[in-house]
Every structure is written in structure tokens, then in C-alpha cells.
Amino acid sequence: IPGGDYGSSILEELYLSYNGISTIPDGFFQLRSVKILWLANNRISSTLSGFGKMTLLEELDLESNEFNGPIPEEMFSLVNLKVLYLYDNELAGQFPPGLSQMTSLTELDLHSNHIGGELPTEIG
């Protein structure tokens with residue numbers, strides 16, 4: 006994904022799956038009008054930091070990449086998020102209790118990661 010000034014974009018849907026993308030430029034998270042973002046089946050190797058800035062997101066598909074580390078707390082501020090696919094990555098840690106704050110969430114898929122512990126009782 007090329008760098009640039011994303012701040013003035015009115016883009017609402019962005020589909021970039023199956024493109025061999027390996028990095029996300031910092032300015033990318035300025036795409037605050039995006040509601041649907043699909044970055045599945047690329048080669049993105051980083052943490053999930055930054056996505057929490059995209060507060061209008063309703064669908065976020067990051068499956069089958071190389072995202073790593075824990076699910077950051079900033080993700081739980083995505084109160085409009087209905088669909089979250091994070092499966093088949095390298096995410097680790099415990100099921101975050103903040104998942105229960107995502108009250109609009111209707112679909113959540115975390116399989117094929119390294120997440121353990123107990124599912125928060127509010128969602129399971």
C-alpha cells in the first residue's frame with residue numbers, strides 16, 4: 006500500500022485482499038470514513054495497533070495474514086463493528102475482557118491463533 010495523505014478521503018469501502026501486501030503505512034489509519042475494510046490473505050506482519058483509529062468500521066477482515074501480539078485495547082473502541090475476522094494469524098495472549106464492550110459485534114472469528122484463557126462470560 007503506497008504512503009500518502011489519506012486524511013481527506015471519503016472512501017467507505019476498501020477491498021485489498023489477495024494482493025501480497027506486507028506492510029501498512031502509518032497514514033493508512035487516517036482513512037476514518039472507511040466502514041468496510043478487507044485486507045485478508047496478504048502477508049501483513051505487524052501488530053493490530055492503529056485499527057482502533059478507524060472508528061466508523063463495521064466490517065474488518067484481517068484473516069490469513071501474519072498479525073502478531075495481543076489484541077490491543079484500542080480495538081474495543083470500535084463500537085460500530087459488526088464483523089471481525091482475525092483468524093489464521095499469529096495473535097497471542099488471553100481472550101481480552103474488552104470484547105464485551107463491542108456490543109454491535111455479530112460475527113467474531115479468532116480460530117488458528119494462539120489465544121487462550123476463558124471467553125468473557127458477557128459474550129459466551
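Residues in the sequence shown are numbered consecutively from 6, following our numbering.
Where is the CB? At the ideal position from N, CA and C, for every residue including glycine.
Measure from the alpha carbon of D114 to the alpha carbon of each residue in S69, Q106 and K58, then state which is nearest.
The option with the nearest alpha carbon to D114 is S69.
Residue of G98, N46, V84 and L91 minimising C-alpha distance to Q106
Sorting G98, N46, V84 and L91 by C-alpha distance to the C-alpha of Q106 places V84 at the top.
Within 7 Å, strictly: CB atoms of E64 and I41:
Less than 7 Å divides the Cβ of E64 from the Cβ of I41.
Whole-angstrom distance between L21 and I6, CA atom to CA atom:
In this predicted model, I6 has a pLDDT of only 49, less than 50, meaning its place in the structure is not dependable enough to derive any value.
Taking C-alpha atoms, which residue in K87, L67, P101 and F72 lies nearest to E79?
Each of K87, L67, P101 and F72 was checked against the Cα of E79, and the nearest Cα belongs to P101.
For H116, the first and last residue of its enclosing beta strand (DSSP E)
H116 -> no beta strand (DSSP E), and no H or E assigned at all.
For T28 and G103, I'd like the C-alpha separation in whole angstroms.
Computed Cα separation, rounded: 26 Å.
Between the Cα of Q35 and those of N47, N24, L62 and T52, spot the shortest distance and give me the residue it belongs to.
Just measuring C-alpha positions, the residue of N47, N24, L62 and T52 sitting nearest Q35 is L62.
Around the C-beta of L96, are 16 or more other C-beta atoms found within 10 angstroms, so that it is buried, or is it exposed?
Buried, by the Cβ-count rule.
Anyone know if the C-beta pair for L53 and F81 falls short of 7 Å?
At least 7 Å separates the beta-carbon of L53 from that of F81.
Between the alpha carbons of E17 and E123, how many angstroms are there, rounded?
As the crow flies, the alpha-carbon of E17 is around 35 Å from that of E123.
Could you name the residues that DSSP lists as bridge partners for A97?
Partner(s): H119.
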